[in-house]
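In this note's numbering, the protein residues as written are 43 to 416.
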């Protein structure tokens with residue numbers, strides 16, 4: 043267990059987890075879940091998936107509390123042995139690295155589609171990466187505080203957009219309730235669970251908590267907040283665009299914002315403002331994943347210079363972000379990452395928790411986490 047300097051409080055952990063989840067998912071979730079469910083009961087799938095992810099998150103923090111002050115990369119060898127833990131740690135790092143690249147590519151696609159139409163994709167990717175590395179150099183505290191300021195503004199803007207869209211809202215678009223039974227709702231669980239990708243940062247961020255006993259509360263509040271945001275988004279988008287209308291749109295949430303204007307109300311059209319702030323939200327998701335990937339490399343390979351690791355990751359992130367040939371391939375990469383997260387952070391932690399109990403590894407509960415480098 044390393045002595046170091048960084049601790050974050052419970053509210054900051056909640057900020058980290060929410061920012062790690064809320065990214066591109068909120069823009070594509072209405073389309074993916076409506077295609078899977080095929081009925082207006084999509085909102086029920088969101089609620090159920092939120093409950094499932096909340097249970098998984100509690101399982102993650104329970105596992106982490108058995109190894110106070112250690113990230114998943116540090117306590118894996120105690121549970122699984124060196125070689126298996128090394129391979130698993132490497133897979134988790136690859137997941138974070140590819141997820142970073144995916145978020146950056148989505149930012150580039152949205153920017154070229156809605157803001158800077160003639161800007162080459164590679165330029166947007168490169169600029170995003172260099173801005174990110176500048177922020178990461180400040181450490182975990184700096185990143186958390188910056189996005190603790192950005193997130194409330196983004197959510198207030200999102201709430202304002204939803205309120206203004208009520209003029210076009212049609213309650214009949216959400217009817218009938220369970221008209222085709224409960225089976226369509228179950229079909230929507232997978233795509234809705236995929237939109238929660240990001241909760242896995244609990245396996246790392248818990249090691250930095252000043253009050254480890256509050257980790258359960260942090261997990262519950264984080265997932266509950268995201269579930270409420272997703273639920274309101276789904277209900278609002280379906281109510282405004284209808285189920286068939288959503289299925290034909292690439293970014294239903296953006297299209298809903300573009301579909302209305304309020305004359306004489308501060309701004310008549312909100313899509314540009316909304317896009318800019320939501321790009322910052324996606325950037326937050328990228329920044330945290332980049333930072334946690336560098337932590338994984340540092341802990342797994344027992345390195346010390348985390349800033350050097352972050353810079354060394356830049357060309358790898360750039361190449362992966364530039365690999366998809368078009369938007370369809372980019373979104374397919376996102377689906378692959380979501381499926382990967384189900385195994386890595388849905389099934390694997392349960393196995394690790396069971397093995398840790400059987401082998402009597404860990405189990406030392408602590409009221410506060412050890413000081414960690416950040």
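Using N, Cα and C, we set each Cβ at its ideal position, and we do this for glycine too.
| Query | Result |
| --- | --- |
| State the start and end residues of the unbroken alpha helix (DSSP H) segment that holds residue 172. | 163-178 |
| Taking all protein chains shown into account, do 16 or more other C-beta atoms lie within 10 angstroms of the C-beta of residue 60, making it buried, or fewer, making it exposed? | buried |
| For the region 349-363 against the region 265-280, do three or more pairs of beta-carbon atoms, one drawn from each stretch, fall closer than 8 Å, so that the two count as touching? | no |
| Determine, using beta-carbon pairs with one atom in the region 226-233 and one in the region 198-208, whether at least three such pairs fall under 8 Å. | no |
| For residue 289, which residues in the same chain have their Cβ closer than 7 Å to its Cβ, ignoring the five residues on either side in sequence? | 73, 76 and 77 |
| Looking at the strands, I want to know which residues DSSP matches up with residue 50. | 251 |
| With a cut-off of 8 Å on the beta carbons, I'd call residue 134 and residue 338 a contact; round off their distance for me. | 6 Å |
| Does residue 124 pass the burial test, meaning 16 or more other C-beta atoms within 10 Å, or should it be called exposed? | exposed |
| Have a look at 396, 394 and 53 and flag the residue whose alpha-carbon is nearest the alpha-carbon of residue 183. | 53 |
| Measuring CB to CB, does residue 391 end up less than 8 Å from residue 93? | no |
| Output yes or no for whether 8 Å exceeds the beta carbon distance between residue 321 and residue 149. | yes |
| For residue 207, count neighbouring C-beta atoms within 10 Å of its own C-beta (all shown protein chains included) and say buried if the count is 16 or more, exposed if not. | buried |
| Could you tell me the alpha carbon to alpha carbon distance between residue 397 and residue 141, rounded to whole angstroms? | 28 Å |
| Going by beta carbon distance, what residues of the same chain come within less than 8 Å of residue 417, once the five residues before and after it are set aside? | Nothing in the structure corresponds to residue 417, since the chain is present only between 43 and 416. |
| Measuring straight from C-alpha to C-alpha, what distance separates residue 359 and residue 400? | 39 Å |
| My guess is that residue 330 and residue 58 are in contact by the Cβ rule of under 8 Å, so how many angstroms apart are they, rounded? | 6 Å |
| What residue does the alpha helix (DSSP H) around residue 278 start on, and which one ends it? | 257-283 |
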